[in-house]
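Trainee: Questions regarding the structure given below will be posed in turn.
Number of protein chains: 2
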Amino acid sequence: MTETAQTIHDMLQRLELFSSCSDDFLTKISSAAHLTTKPKGHMLFIHEDQADYFYLVKSGWVKIFRETLDGDQAIVDIFTNGHILGETSIFQDDIYPYSAETVEPSELVQLPLSMLKDEIETNPKFAMAMLSSMARYRKQQDQELEHRTLQNAPQRIGCFLLRLTDQSQSGGPVRIHLPYDKTLVASRLGMQPETFSRALKKLKQETGIEVKGSTIETDSLDRLVRYSCAACTSEFPCKDLETESG
Amino acid sequence: MTETAQTIHDMLQRLELFSSCSDDFLTKISSAAHLTTKPKGHMLFIHEDQADYFYLVKSGWVKIFRETLDGDQAIVDIFTNGHILGETSIFQDDIYPYSAETVEPSELVQLPLSMLKDEIETNPKFAMAMLSSMARYRKQQDQELEHRTLQNAPQRIGCFLLRLTDQSQSGGPVRIHLPYDKTLVASRLGMQPETFSRALKKLKQETGIEVKGSTIETDSLDRLVRYSCAACTSEFPCKDLETESG
DNA sequence: GCAATCAATTGACAATAGTCAAGGCAAACA
DNA sequence: TGTTTGCCTTGACTATTGTCAATTGATTGC
Numbered sequence: 000m001t002e003t004a005q006t007i008h009d010m011l012q013r014l015e016l017f018s019s020c021s022d023d024f025l026t027k028i029s030s031a032a033h034l035t036t037k038p039k040g041h042m043l044f045i046h047e048d049q050a051d052y053f054y055l056v057k058s059g060w061v062k063i064f065r066e067t068l069d070g071d072q073a074i075v076d077i078f079t080n081g082h083i084l085g086e087t088s089i090f091q092d093d094i095y096p097y098s099a100e101t102v103e104p105s106e107l108v109q110l111p112l113s114m115l116k117d118e119i120e121t122n123p124k125f126a127m128a129m130l131s132s133m134a135r136y137r138k139q140q141d142q143e144l145e146h147r148t149l150q151n152a153p154q155r156i157g158c159f160l161l162r163l164t165d166q167s168q169s170g171g172p173v174r175i176h177l178p179y180d181k182t183l184v185a186s187r188l189g190m191q192p193e194t195f196s197r198a199l200k201k202l203k204q205e206t207g208i209e210v211k212g213s214t215i216e217t218d219s220l221d222r223l224v225r226y227s228c229a230a231c232t233s234e235f236p237c238k239d240l241e242t243e244s245g
Numbered sequence: 000m001t002e003t004a005q006t007i008h009d010m011l012q013r014l015e016l017f018s019s020c021s022d023d024f025l026t027k028i029s030s031a032a033h034l035t036t037k038p039k040g041h042m043l044f045i046h047e048d049q050a051d052y053f054y055l056v057k058s059g060w061v062k063i064f065r066e067t068l069d070g071d072q073a074i075v076d077i078f079t080n081g082h083i084l085g086e087t088s089i090f091q092d093d094i095y096p097y098s099a100e101t102v103e104p105s106e107l108v109q110l111p112l113s114m115l116k117d118e119i120e121t122n123p124k125f126a127m128a129m130l131s132s133m134a135r136y137r138k139q140q141d142q143e144l145e146h147r148t149l150q151n152a153p154q155r156i157g158c159f160l161l162r163l164t165d166q167s168q169s170g171g172p173v174r175i176h177l178p179y180d181k182t183l184v185a186s187r188l189g190m191q192p193e194t195f196s197r198a199l200k201k202l203k204q205e206t207g208i209e210v211k212g213s214t215i216e217t218d219s220l221d222r223l224v225r226y227s228c229a230a231c232t233s234e235f236p237c238k239d240l241e242t243e244s245g
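Chains as they are written, first to last, in numbering that gives the first Met the number 0: chain A, 0 to 245; chain B, 0 to 245.
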């Protein structure tokens with residue numbers, strides 16, 4: 000096994016999704032995989048293209064989105080470390096259901112869908128893990144839709160910030176760093192950049208957070224939680240909102 | 000096998016999701032199932048309750064939703080004939096991820112989750128069918144989120160109406176009947192009843208549809224498609240938007 | 001048949017978010 | 001160092017949607 004293959008093997012092994020896979024399988028798929036570094040703005044695949052590979056994000060950020068004929072786009076999600084994307088195309092006649100593009104310089108592992116399909120069909124535990132991952136993702140997307148329905152712009156931003164924090168540690172001062180452009184955060188939350196800018200200002204007034212460029216600080220998350228989670232059906236800290244799948 | 004069990008058996012057999020299941024399994028789960036008729040407004044289960052059963056809708060309509068402490072609710076989806084709901088709780092520690100309530104008088108089949116779990120773990124083809132169903136549903140929810148982002152109220156209504164039509168037959172006059180209250184359609188589309196009422200009026204002006212109570216008529220779908228699908232990433236007719244799973 | 005109830009519509013107004021245009025700021029580059 | 005570029009902010013305005021209140025309309029039950 001090459002050094003790269005070994006690296007990929009170790010990465011996969013650490014993912015919960017692949018925890019039920021044999022070492023043989025991991026070795027085989029790792030050998031067929033490619034690890035690449037892509038600059039910001041690289042298209043991984045396009046909506047409705049023929050799908051032969053799925054991707055694992057090693058580092059960086061990748062947005063998945065769809066766009067209308069006149070260039071308007073809706074961002075479905077933005078993934079980072081340990082998330083996979085494009086894998087659902089094996090259930091969609093090998094057609095990608097969305098487009099994917101790096102939004103920061105990113106390290107990506109390209110893996111053959113055919114081997115994933117084989118493994119699902121032959122390893123019941125893996126199929127179960129896959130189902131589990133999809134159910135978790137689905138719940139997350141349901142919540143996303145809920146937020147669009149019940150939360151206004153400042154609340155959606157507050158919720159976004161909270162999800163960037165380590166929710167296990169509460170109390171005490173917190174520093175949050177936006178992982179990518181504000182314009183992109185805006186789009187991820189379904190609003191215009193101008194709205195984002197003004198809504199962040201409002202959030203500052205309402206919760207006393209400090210905004211310095213792409214860093215947000217606050218003495219305590221309390222006020223942020225009270226303000227943002229008021230219009231939500233889940234209580235803070237939101238559980239089950241982590242998933243590897245995309 | 001009782002007569003009811005036989006009825007349920009036959010229903011399940013006709014669903015794509017269960018097409019890979021043995022007759023033995025269908026007989027077994029049908030015998031453990033209950034077929035009930037519920038009036039409008041009956042709660043099937045509540046968000047975060049312990050989940051022991053999943054449900055199949057035989058007729059009528061069931062909304063799945065979540066609500067905040069102050070009673071605001073977000074409707075995730077509304078299901079009818081042949082759709083199942085509550086089944087994802089087996090991947091969520093046997094906790095229902097949303098609440099479910101009938102919105103029309105409905106015939107429902109209550110089925111034990113434990114047997115579903117067994118079948119997934121022992122029948123790889125069924126696991127695959129389950130994955131397939133979830134992937135399809137996921138794509139549909141992604142599109143729902145996209146619509147909230149890109150479409151305005153009249154367009155969302157137009158799109159909703161189009162999805163109620165038989166999209167294979169095009170051209171010629173069409174009559175569409177709203178399957179439940181306008182208030183509920185509004186909520187399903189993430190808007191207030193007042194907004195729905197005004198948006199429907201606007202849609203009428205823009206596309207020439209005729210609105211009489213809960214019946215909508217038009218000489219041709221052309222104008223409706225042109226107006227509603229302009230802000231969408233999929234072209235009409237939208238494929239892959241049908242699923243049995245919920 | 002009539003009251004009661006709930007759904008739906010409408011008007012007037014408020015709040016929220018989007019659009020367009022103009023600057024400001026900061027990182028990157030020559 | 002100065003310029004360029006792209007991101008971000010701000011102002012002024014518009015559009016869309018929400019809110020509250022009143023009314024109409026339709027359906028149900030007595």
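Think of the CB as a built atom: it goes at the ideal place given N, C-alpha and C, for glycine as much as any other residue.
Check whether the stretch 77-92 of chain B and the stretch 46-58 of chain B touch, using three or more Cβ-Cβ pairs below 8 Å as the test.
Mentor: As far as the Cβ criterion goes, the stretch 77-92 of chain B touches the stretch 46-58 of chain B, which means the pair count is three or higher.
Trainee: Using a threshold of 8 Å, state whether the C-beta atoms of L149 (chain A) and C20 (chain A) are closer than that.
Mentor: No, they are not a contact pair.
Trainee: Could you check the C-alpha separation between N122 (chain B) and I89 (chain B) for me, to the nearest Å?
Mentor: Their Cα atoms are separated by approximately 16 Å.
Trainee: Kindly list the residues whose CB is nearer than 6 Å to the CB of A185 (chain A), restricted to its own chain and excluding five residues on each side of it in sequence; keep chain order.
Mentor: Closer than 6 Å at Cβ, skipping near neighbours: P192 and F195.
Trainee: Tell me whether P111 (chain B) sits in a helix, a strand or coil according to DSSP, three-state version.
Mentor: If DSSP states are grouped into helix, strand and coil, P111 (chain B) belongs with the strands.
Trainee: Is I7 (chain B) close to chain A, meaning its C-beta is less than 8 Å from at least one C-beta of that chain?
Mentor: So no, I7 (chain B) is outside the interface.
Trainee: If we call anything under 8 Å between Cβ atoms a contact, is Q140 (chain A) one with L144 (chain B)?
Mentor: Yes; because the gap between Cβ atoms is below 8 Å, this pair is in contact.
Trainee: Tell me whether the stretch 31-42 of chain A and the stretch 198-211 of chain B touch, counting them as touching only if at least three CB pairs, one residue from each stretch, are closer than 8 Å.
Mentor: Touching, no, given that fewer than three Cβ pairs across the two stretches are closer than 8 Å.
Trainee: Evaluate I45 (chain A) with the Cβ neighbour count: other Cβ atoms within 10 Å of its Cβ, from every protein chain shown; 16 or more gives buried, anything less gives exposed.
Mentor: Burial call: exposed.
Trainee: Is there at least one Cβ from chain A nearer than 8 Å to Q91 (chain B)'s Cβ?
Mentor: Q91 (chain B) counts as touching chain A.
Trainee: Could you tell me the alpha carbon to alpha carbon distance between Q142 (chain B) and L11 (chain A), rounded to whole angstroms?
Mentor: Rounded to whole angstroms, Q142 (chain B) to L11 (chain A) spans 30 Å at the Cα level.
Trainee: Can I119 (chain B) and V102 (chain B) be called in contact, C-beta distance under 8 Å?
Mentor: Against a cut-off of 8 Å, the Cβ pair of V102 (chain B) and I119 (chain B) comes out as no contact.
Trainee: Since L144 (chain A) is in the alpha helix (DSSP H), which residue starts that stretch and which ends it?
Mentor: Run containing L144 (chain A): P123 to L149, per the alpha helix (DSSP H) assignment.
Trainee: Use the C-beta contact count for R13 (chain A): other C-beta atoms within 10 angstroms, 16 or more gives buried, fewer gives exposed.
Mentor: Exposed, because fewer than 16 other Cβ atoms sit within 10 Å of the Cβ of R13 (chain A).
Trainee: Taking only three categories from DSSP, how would you classify S21 (chain B)?
Mentor: Reduced to three states, the DSSP call for S21 (chain B) is coil.
Trainee: What residues of chain A sit near C20 (chain B), judged by a beta carbon separation below 7 Å?
Mentor: Here the premise fails: no neighbours, minimum Cβ distance about 15 Å.
Trainee: Since A99 (chain A) and I63 (chain A) should fall inside the 8 Å C-beta cutoff, what is the C-beta to C-beta distance between them, to a whole number of angstroms?
Mentor: Sure, about 5 Å apart at Cβ, within 8 Å.
Trainee: Kindly indicate which residue of A:R65, A:I28 and A:P96 has the alpha-carbon position closest to the one of A50 (chain A).
Mentor: The shortest C-alpha separation from A50 (chain A) is found at A:P96.
Trainee: In angstroms with no decimal places, state the Cα-to-Cα distance between M129 (chain B) and E209 (chain A).
Mentor: Answer to the nearest angstrom: the Cα atoms are 46 Å apart.
Trainee: Can you pull the chain B residues whose beta carbon is under 8 Å from the beta carbon of A126 (chain A), in chain order?
Mentor: Within chain B, the residues near A126 (chain A) are I119, P123, A126, M127 and L130.
Trainee: Which two residues bound the contiguous alpha helix (DSSP H) that contains M42 (chain B)?
Mentor: Segment M42 to F44 is the beta strand (DSSP E) holding M42 (chain B); no alpha helix (DSSP H) there.
Trainee: Spell out the partners DSSP gives I63 (chain A) in its beta bridges.
Mentor: In DSSP, I63 (chain A) forms a bridge with A:D76 and A:A99.
Trainee: So is P1 (chain A) buried or exposed if we call it buried at 16+ other beta carbons inside 10 Å?
Mentor: Checking the sequence, you will find Thr at residue 1 (chain A) rather than Pro. Result: exposed.
Trainee: Relative to the C-alpha of S227 (chain A), which residue among A:I215, A:D180, A:G170 and A:A152 is closest?
Mentor: Closest option to S227 (chain A), Cα to Cα, is A:A152.
Trainee: Comparing alpha-carbon positions, which option in B:D93, B:D9 and B:G207 lies nearest T26 (chain B)?
Mentor: Answer by Cα proximity: B:D9.
Trainee: Using the three-state DSSP reduction, which class does Y54 (chain B) fall into: helix, strand or coil?
Mentor: In this structure, Y54 (chain B) counts as strand in the three-state DSSP scheme.
Trainee: Since R147 (chain A) and G70 (chain B) should fall inside the 8 Å C-beta cutoff, what is the C-beta to C-beta distance between them, to a whole number of angstroms?
Mentor: Rounded, the Cβ-Cβ distance is 19 Å, inconsistent with contact.
Trainee: Can you tell me whether I249 (chain A) is buried or exposed, with buried defined as 16 or more other CB within 10 angstroms of its CB?
Mentor: With chain A represented from 0 up to 245, any question about residue 249 (chain A) goes unanswered, as that position is not in the structure.
Trainee: List the residues of chain B that K138 (chain A) touches, going by C-beta distances under 8 Å, in chain order.
Mentor: Those within 8 Å of K138 (chain A) in chain B are T87, Q91 and P96.
Trainee: Once DSSP output is grouped into helix, strand and coil, what is the label at S196 (chain A)?
Mentor: Correct three-state label for S196 (chain A): helix.
Trainee: So that I know if they touch, is there some Cβ in chain B lying closer than 8 Å to that of T148 (chain A)?
Mentor: Interface residue, yes.
Trainee: Here's the rule: buried if 16 or more other CB atoms are within 10 angstroms of the residue's CB, otherwise exposed. What is R225 (chain A)?
Mentor: Counting Cβ neighbours within 10 Å, R225 (chain A) comes out exposed, since fewer than 16 surround it.
Trainee: At a Cβ cut of 7 Å, what residues of the stretch 52-81 of chain B count as close to chain A, listed as they run along the chain?
Mentor: Those residues of the stretch 52-81 of chain B that come within reach of chain A (Cβ to Cβ, closer than 7 Å) are R65, E66, T67, D71, A73 and V75.
Trainee: Under a Cβ-count criterion, where at least 16 other Cβ atoms within 10 Å of its own Cβ denotes burial, should S213 (chain B) be classed as buried or exposed?
Mentor: So S213 (chain B) ends up on the exposed side.
Trainee: State buried or exposed for G170 (chain A), treating a residue as buried only when at least 16 other CB atoms are found within 10 Å of its CB.
Mentor: Result: exposed.
Trainee: Could you pull the start and end residues of the alpha helix (DSSP H) that I248 (chain B) belongs to?
Mentor: In the structure as shown, chain B starts at 0 and stops at 245, and residue 248 (chain B) therefore has no counterpart that could be examined.
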